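The numbering of the sequence shown is this note's numbering, which starts it at 28 and goes up by one. Take a look at the structure set out below.
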Amino acid sequence: MRAPGIVRVLRDVSDFLGSSAHARDGPVAVTPEDYLAASGEVIALAMAMSWIMAAIWRRDAIRDNPLLDRLGYNNVCVAWDVPPALYPAAFVMQFAIYCGVRYCVLDYVRGAVTPGLSRRKVRIIKFCNTLYAVSIMAVSLLFVVTPKVSPSVHTTFFVQLIICRFVVVAGNFVEVERIPREKWVFLGVYGLVSLLLPACLFINFVTYDSKNKKKPTVPMALGMIFDYSWFACLAVTGRFLPEQTPLQITYQLQPGTAGGVAEKPSERVAPAP
Numbered sequence: 028m029r030a031p032g033i034v035r036v037l038r039d040v041s042d043f044l045g046s047s048a049h050a051r052d053g054p055v056a057v058t059p060e061d062y063l064a065a066s067g068e069v070i071a072l073a074m075a076m077s078w079i080m081a082a083i084w085r086r087d088a089i090r091d092n093p094l095l096d097r098l099g100y101n102n103v104c105v106a107w108d109v110p111p112a113l114y115p116a117a118f119v120m121q122f123a124i125y126c127g128v129r130y131c132v133l134d135y136v137r138g139a140v141t142p143g144l145s146r147r148k149v150r151i152i153k154f155c156n157t158l159y160a161v162s163i164m165a166v167s168l169l170f171v172v173t174p175k176v177s178p179s180v181h182t183t184f185f186v187q188l189i190i191c192r193f194v195v196v197a198g199n200f201v202e203v204e205r206i207p208r209e210k211w212v213f214l215g216v217y218g219l220v221s222l223l224l225p226a227c228l229f230i231n232f233v234t235y236d237s238k239n240k241k242k243p244t245v246p247m248a249l250g251m252i253f254d255y256s257w258f259a260c261l262a263v264t265g266r267f268l269p270e271q272t273p274l275q276i277t278y279q280l281q282p283g284t285a286g287g288v289a290e291k292p293s294e295r296v297a298p299a300p
């Protein structure tokens, strides 16, 4: 069983930073999918941390909040929408953003240097990665526009992540020819949840009446199933991504240095053999 994506990413970074000789003497193997998996796992960890903090210091926010009024249940995001969890969650989210953007860059480069890849697939890779890079950066605005400021805008930032992350995960399946059946099953479940959860959120927000405060249009149990299932998929995505060729990255100093300092560093990449 492979280690979680966040462990593999931290291990790669630690090995690289801890061994300058390794970086000089040979190429560094990097698996882009590790970063995509890590970005989701970090979000899940930030969420778990936030619920622990909210359960200790902000039980009042769990019992009464704008999302509970509209959905009939506590959305998983409720815990990090209020201090004190709001602040460390926003900090931890920066690592998820780094991993997400790093994945997009590495995956696009791999697509560009992979021989025999059709132009259509390269365009799909470019589109999916650009979309997710913008999406993962925009999600940080969740901590700026909280439900107290605007429940609708806050939820919009969350919904766009749901949709864009599924697009980039599905894009991985386009790049690979042979994929085990269980991974297709995961993609189907993940896609269904990523479609129905935004639909449930949209219906409940549109039909919400702040004066009468009727029960949500979508049954509470149904909304909870889709909501919590999406976060479960977020945490286990790395185990179901199709296996692809790692990248070999070689870091070198550019020829032509002044005083032992390179005028410009160079980076060479190629698919790993």
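We treat Cβ as the ideally placed atom computed from N, Cα and C, and that holds for glycine. Bear in mind the structure is a predicted one, so any value in this text is a computation, not a measurement.
Note that the C-beta distance between leucine 188 and leucine 63 is not below 8 Å.
In this structure, the straight-line span from the alpha carbon of isoleucine 124 to that of tyrosine 235 is close to 32 Å.
Here serine 145 is exposed. Its C-beta has fewer than 16 other C-beta atoms within 10 Å. Restricting attention to Arg38, Val55, Val36, the CA atom closest to the CA of threonine 277 is found in Val55. According to DSSP, residue pairing for alanine 56 in a beta bridge involves Gln275. Between the C-alpha atoms of arginine 192 and serine 162 there is a straight-line separation of about 8 Å.
Between the region 231–246 and the region 199–208, the count of Cβ pairs shorter than 8 Å is below three; the stretches do not touch. Valine 212 sits in a helix when the DSSP states are folded into three classes. Annotated three-state conformation of leucine 249 is helix, per DSSP.
In the pairwise beta carbon analysis, the region 63–75 is classified as not touching the region 87–94: fewer than three pairs are separated by under 8 Å. Around the beta carbon of serine 221, 16 or more other beta carbons lie within 10 angstroms, which makes this residue buried. For threonine 58, the CB contacts under 6 Å within the same chain, skipping 5 residues up- and downstream, are Pro273 in chain order. Distance from the CA of phenylalanine 232 to the CA of phenylalanine 258, rounded to the nearest whole angstrom, comes to 20 Å.
Separation of the CB atoms of valine 36 and cysteine 126 is rounded to 6 Å, and the pair is thereby assigned contact status at 8 Å. Assigned with DSSP and collapsed to three states, aspartate 254 falls in helix. In the three-state scheme derived from DSSP, where H, G and I count as helix and E and B as strand, isoleucine 206 is classed as coil. When Gly99, Glu68, Thr157 are compared, the shortest CA-CA separation from isoleucine 252 is found for Gly99.
In the displayed model, threonine 182 falls within a helix according to three-state DSSP. Pairing threonine 157 with isoleucine 79, the inter-Cα distance amounts to about 34 Å. The three-state secondary structure of proline 111, taken from DSSP, is coil. Inclusion of alanine 197 and glycine 67 in the CB contact set at 8 Å is not warranted, their separation being larger than that value.
Looking only at Val69, Thr183, Asp39, the smallest Cα-Cα distance to cysteine 260 is reached by Val69.
Under the three-state reduction of DSSP output, aspartate 96 falls in the helix class.
If you ignore the 5 residues before and after glycine 265, its C-beta comes within less than 6 Å of the C-beta of Gly32, Ala64, all in its own chain and listed in chain order. Burial check for proline 174: the Cβ neighbour count within 10 Å reaches 16 or more, so the residue is buried.
DSSP places cysteine 155 in the uninterrupted alpha helix (DSSP H) bounded by 146–165. The C-beta distance from valine 216 to tyrosine 159 rounds to 20 Å, too long to meet the 8 Å contact threshold. Nearest Cα to valine 119 within the set Leu94, Phe170, Ala82, Leu133: Phe170.
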